[in-house]
Amino acid sequence: MRTVPAATPPSSPIGLPSELLERRPDIATAERRMAAANAQIGVTIAAFYPTITLSASAGFESSGIAQWLTWPSRFWSVGPGISQTVFDGGLRRAQTDQARAAYDASVATYRQTVLAGFQGVEDNLAALRILEEEARVQDEAVKSATQSMTQSVTLTTNQYRAGTVSYLNVITAQTIALTNEITAVQIAGRRMTAAVLLIQALGGGWNSISPGSPA
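Structure follows, in structure tokens:
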């Protein structure tokens, strides 16, 4: 019988930098949402203040000054207009609080996503290492049994050709010889699956590359 060597899955890495998880689409998305929510806080705070510049020819100027101040003359007039705009019944304060709450929620989502990513990597690392050890033990069993099983198959085949045993004996001997090899191939397949799941959990391979660069 001829033994067909099984494909060898990649060896599990000893250690993995956490930065590799930044390539995961879910983590990258959560990070960008968190940054956007943080930027929105600055937008709502900036709404409290008009953009005013001092001009030698026209006094105060602002692109949005009509929403903040009333200008009956060249002088700054604090009238009903500014009261309605600046003192808005807490609208801008509420908008700022809402932006901060949205940011806090995005931070919580980001942390949860990262922790889930860490858990997925750890689970698949453990599975890959367990399967590597299982494959090593099975490989030793296959090597120790190959010679005796080959001799048994050869002997039984010769006996069948001589008419001393039925072909069922040949099939039985071949089945026993193939059992360990089938188990080894199954373990190799499970190792391949575990390696793929680890790569998926990392958002790419486990080489130390910067996020965004090709894996």
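Residue numbers (our numbering): -15 to 199.
Backbone N, C-alpha and C fix where the C-beta goes; we use that ideal spot for every residue, glycine too.
- The C-beta distance from I11 to V91 rounds to 13 Å, too long to fall under 8 Å, and the pair is not in contact.
- Y151 counts as exposed, since fewer than 16 other beta carbons sit within 10 angstroms of its beta carbon.
- According to the DSSP assignment, R174 belongs to the alpha helix (DSSP H) that extends over 151 to 186.
- The three-state reading of DSSP puts R8 in coil, since its state is none of H, G, I, E or B.
- Between the beta-carbon of A119 and that of I183 there is about 18 Å, and that puts the pair past the 8 Å contact cut.
- Here DSSP, grouped into helix, strand and coil, assigns G101 to helix.
- The distance from the Cβ of I25 to that of Y94 is about 15 Å, inconsistent with a contact at the 8 Å cut-off.
- Taking G101 as the centre and dropping the five residues before and after it, the same chain places the C-beta of L5, R8, I11 closer than 6 Å to its C-beta, in chain order.
- In this structure, DSSP gives G189 a state outside helix and strand, which the three-state scheme calls coil.
- By alpha-carbon distance to A89, the top candidate from N22, T167, A185 is N22.
- A157 counts as buried, since no fewer than 16 other beta carbons sit within 10 angstroms of its beta carbon.
- At a Cβ-Cβ threshold of 9 Å, N153 and V126 do not count as neighbours.
- Residue state for T148 is assigned as coil, using DSSP reduced to three classes.
- A168 sits away from Q135, with the two beta carbons spaced by 9 Å or more.
- Around the CB of G187, 16 or more other CB atoms lie within 10 Å, so the residue is classed as buried.
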